[in-house]
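>
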Amino acid sequence: MQSEQGMGIQRAGVIGTGRIANRFMPEAGFADGIHVQAVYNPHLESAGRFAARWGLDACGDLTDFFRRVDLVYVASPHETHAAYIKAALEHGKHVLCEKPLALKGEQAKELFAYAERQNLVLFEGIKTAYCPGFRKILEIARSGSIGTIRYVEACFTKLEPGDSRELTDRMYGGSFTELGSYCLLPVIKLLGNGFEDVRFESIKAENGLDVFTKASFRYPGALATAICGLGVKAEGRLMISGTKGYATAEAPWWKTTDMKVHYENPLEVEKYSEPFLGDGLRYEIRAFADRVNEVENSVRAGKKVWEARDSGDFRGLCDSCNVGLTPEDSIALADIMGRFMETERLI
46 MQSEQGMGIQ RAGVIGTGRI ANRFMPEAGF ADGIHVQAVY NPHLESAGRF
96 AARWGLDACG DLTDFFRRVD LVYVASPHET HAAYIKAALE HGKHVLCEKP
146 LALKGEQAKE LFAYAERQNL VLFEGIKTAY CPGFRKILEI ARSGSIGTIR
196 YVEACFTKLE PGDSRELTDR MYGGSFTELG SYCLLPVIKL LGNGFEDVRF
246 ESIKAENGLD VFTKASFRYP GALATAICGL GVKAEGRLMI SGTKGYATAE
296 APWWKTTDMK VHYENPLEVE KYSEPFLGDG LRYEIRAFAD RVNEVENSVR
346 AGKKVWEARD SGDFRGLCDS CNVGLTPEDS IALADIMGRF METERLI
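Count along the sequence shown from 1, then add 45; that gives the number in our numbering.
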């Protein structure tokens, strides 16, 4: 992949023109070495409006779009993510994709394996995973200060109008596909993907979409609950319970800033604070850009970039992959999403 003018500037392209794509644009300015060049939407008029707002090239043809960019940010509807990722990888582009990266575990696994073979970077963009506050609460939980982790609970709800895409798309809408990735994130990061059982309980609207869902996990020696809703409002907090104490981050914990650690003595409370700047996308964009540079430098130096085995074990990736989401994390998230959708008879 050739960088713009050989100066190490990566030309980025955006697939999609919705809310998150508009949030991406100013946040990308905080990542060194990235210049957003083009936007793609199959409806050229939509691409044109977005391009006019942000000063980009507008593309209605995907091949033309790929010719103009070095890396791609996928911010299209959920069901199109996998196809756009595959197309970008086939054209030799690194990819940062909004959550959910895929709607089935096997699909995600195949995409990461393909990226590996091409010496390309594939990142799932769950901004919470990369922000300083969330990384801090994971550090606290893993430090042993609250003992052995026995329970993780995460809740994220927001009220959407009944005519919104999230509550009218009968195939890919609903609370869990929209918000589930956030609530599953701390469960997977702290307890892993080795759960013994997962059960889904939902409250559904008349059109069959879930307006409130609780996913309950049973692990060897631990439990977890992920709660999300678009039609029911609940206290959105993250709680990590251990054998010596528990850590909490209140709503909006997915934009983690303030955390507390509580112990048996109610007067013994530790408080922590970390920044959360802008819309928070800058953290994942920086991590993605750093990873792209690392991979390309390794390729130019003739070094072995990937250590993943044919079995699909991606744990051997270099250290920077462990900041935020690893391929194994994203595969686990996609697997859980697929289980939910199969349970709901959506796919």
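In this text, a Cβ means the ideal position worked out from N, Cα and C, and glycines have one as well.
#1: Under three-state DSSP, which class holds Y277?
#2: Select from A379, S190 and L183 the residue whose C-alpha is nearest the C-alpha of N238.
#3: Is DSSP giving H139 helix, strand or coil here?
#4: Pick from G290, E329 and S343: whose alpha carbon is nearest that of V314?
#5: In the DSSP assignment, what residue or residues form a beta bridge with K249?
#6: Pick helix, strand or coil for Y159, following the three-state DSSP scheme.
#7: Mind checking who S91 pairs with in its DSSP beta bridge?
#8: For E49, name the three-state secondary structure that DSSP assigns.
#9: Measuring alpha carbon to alpha carbon, tell me which residue in V197, I185 and F95 is nearest S261.
#10: Given this structure, state the Cα-to-Cα distance separating A174 from P87, to the nearest angstrom.
#11: Report the residue ranges of all beta strand (DSSP E) runs contained in full by the stretch 174-262; include only those spanning at least 3 residues, in chain order.
#12: Taking only three categories from DSSP, how would you classify K154?
#13: Helix or strand or just coil, what does DSSP make of G369?
#14: May I ask which residues mark the beginning and end of the beta strand (DSSP E) holding I54?
#15: With a 10 Å radius around its C-beta and 16 neighbouring C-beta atoms as the bar for buried, classify L312 as buried or exposed.
#16: Round the Cβ separation of V232 and A199 to the nearest angstrom and send it over; I've been treating them as touching at under 8 Å.
#17: Quick one: Cα of A92 to Cα of V59, how far?
#18: Please report the Cβ distance between G219 and D255, rounded to the nearest whole angstrom; I am assuming they are in contact, meaning their Cβ atoms lie under 8 Å.
#19: Taking Cβ positions, are L204 and L275 nearer each other than 8 Å?
#20: Kindly identify the DSSP beta-bridge partner or partners of L268.
#21: Measuring only the C-alpha atoms, how far is E373 from Q152?
#22: Would the stretch 330-346 count as touching the stretch 293-303 if we require 3 or more Cβ pairs under 8 Å?
#23: What number of angstroms, rounded off, separates the C-alpha of F110 from the C-alpha of Y85?
#24: Count the CB pairs spanning the stretch 179-192 and the stretch 239-250 that are closer than 8 Å, and state whether there are at least three.
#25: Between R180 and V114, how many whole angstroms is the CB-CB distance? I'm expecting something under 8 Å.
#26: Provide the residue span of the beta strand (DSSP E) that contains L101, from first to last.
#27: Report the rounded CA-to-CA distance for L148 versus L229, giving the unit in angstroms.
#28: By the three-class DSSP mapping on this structure, what secondary structure does L378 have?
#29: Does G58 come out as helix, strand or coil in the three-state DSSP assignment?
With the structure as the only source:
#1: Looking up residue 277 in the sequence shown gives position 232. First, the residue type needs correcting, since residue 277 is Val and not Tyr in the sequence shown. In the structure shown, V277 sits in coil (DSSP, three-state: anything other than H, G, I, E or B).
#2: Mapped onto the sequence shown, residue 238 falls at position 193. Checked all of A379, S190 and L183; the closest Cα to N238 is A379.
#3: By 1-based counting over the sequence shown, the position of residue 139 is 94. Correct three-state label for H139: strand.
#4: Residue numbering aside, residue 314 sits at position 269 when the sequence shown is read from its first letter. The candidate whose alpha carbon is nearest that of V314 is G290.
#5: The residue you call residue 249 lines up with position 204 of the sequence shown. BP columns for K249 point to D255.
#6: Residue mapping note: residue 159 aligns to position 114 of the sequence shown, counting from 1. Note: Y159 maps to helix in three-state DSSP.
#7: For this step, residue 91 is matched to residue 46 along the sequence shown. Beta-bridge pairing links S91 to no other residue.
#8: Your numbering for residue 49 matches position 4 in the sequence shown. With a pLDDT of 42 at E49, under the threshold of 50, the modelled position of this residue cannot be trusted; read the value that follows with caution. Note: E49 maps to strand in three-state DSSP.
#9: Indexing the sequence shown from 1 puts residue 261 at position 216. Comparing Cα-Cα distances from S261 to each of V197, I185 and F95, the minimum goes to V197.
#10: On the sequence shown, position 129 is the one that residue 174 refers to. On the sequence shown, position 42 is the one that residue 87 refers to. Taking the straight line from one Cα to the other gives about 30 Å.
#11: 194-202 and 242-249
#12: Here residue 154 refers to the residue found at position 109 of the sequence shown. Reduced to three states, the DSSP call for K154 is helix.
#13: Taking the sequence shown and counting its residues from 1, one reaches residue 369 at position 324. Looking at G369 - three-state DSSP - the assignment turns out to be coil, as it is neither helix nor strand.
#14: Translated into the one-based positions of the sequence shown, residue 54 becomes position 9. Run containing I54: none; DSSP gives neither H nor E here.
#15: Locating residue 312 in the sequence shown gives position 267, where the first residue counts as 1. The residue is exposed, with fewer than 16 neighbouring Cβ atoms inside 10 Å.
#16: Sequence index remark: in the sequence shown, residue 232 carries index 187 (1-based). Sequence index remark: in the sequence shown, residue 199 carries index 154 (1-based). Correct: roughly 7 Å between the Cβ atoms.
#17: Taking the sequence shown and counting its residues from 1, the one referred to as residue 92 is at position 47. Taking the sequence shown and counting its residues from 1, the one referred to as residue 59 is at position 14. Roughly 10 Å between the two C-alpha positions.
#18: As a position in the sequence shown, residue 219 is number 174, starting the count at 1. As a position in the sequence shown, residue 255 is number 210, starting the count at 1. Indeed they touch by this definition, with Cβ atoms about 4 Å apart.
#19: Counting from one through the sequence shown, the residue named residue 204 turns up at place 159. Counting from one through the sequence shown, the residue named residue 275 turns up at place 230. Yes, the Cβ-Cβ distance between L204 and L275 is below 8 Å.
#20: The residue you call residue 268 lines up with position 223 of the sequence shown. Its beta-bridge partners are Y196 and R263.
#21: As a position in the sequence shown, residue 373 is number 328, starting the count at 1. As a position in the sequence shown, residue 152 is number 107, starting the count at 1. Straight-line Cα distance between these residues: approximately 13 Å.
#22: no
#23: Start at 1 with the first residue of the sequence shown, and residue 110 comes out as number 65. Start at 1 with the first residue of the sequence shown, and residue 85 comes out as number 40. Roughly 6 Å between the two C-alpha positions.
#24: no
#25: As a working note, residue 180 is residue 135 in the sequence shown. As a working note, residue 114 is residue 69 in the sequence shown. The pair is not a contact, with the Cβ atoms about 29 Å apart (cut-off 8 Å).
#26: As a first step, residue 101 is located in the sequence shown; it is residue number 56 there, counting from the start. Per DSSP, L101 belongs to no beta strand (DSSP E) and is neither H nor E.
#27: In the sequence shown, counting from the first residue as 1, residue 148 sits at position 103. In the sequence shown, counting from the first residue as 1, residue 229 sits at position 184. Going by the C-alpha atoms only, they are around 14 Å apart.
#28: The residue you call residue 378 lines up with position 333 of the sequence shown. If DSSP states are grouped into helix, strand and coil, L378 belongs with the helices.
#29: Counted from its first residue, the sequence shown places residue 58 at position 13. The answer is strand: DSSP assigns G58 an E or B state.
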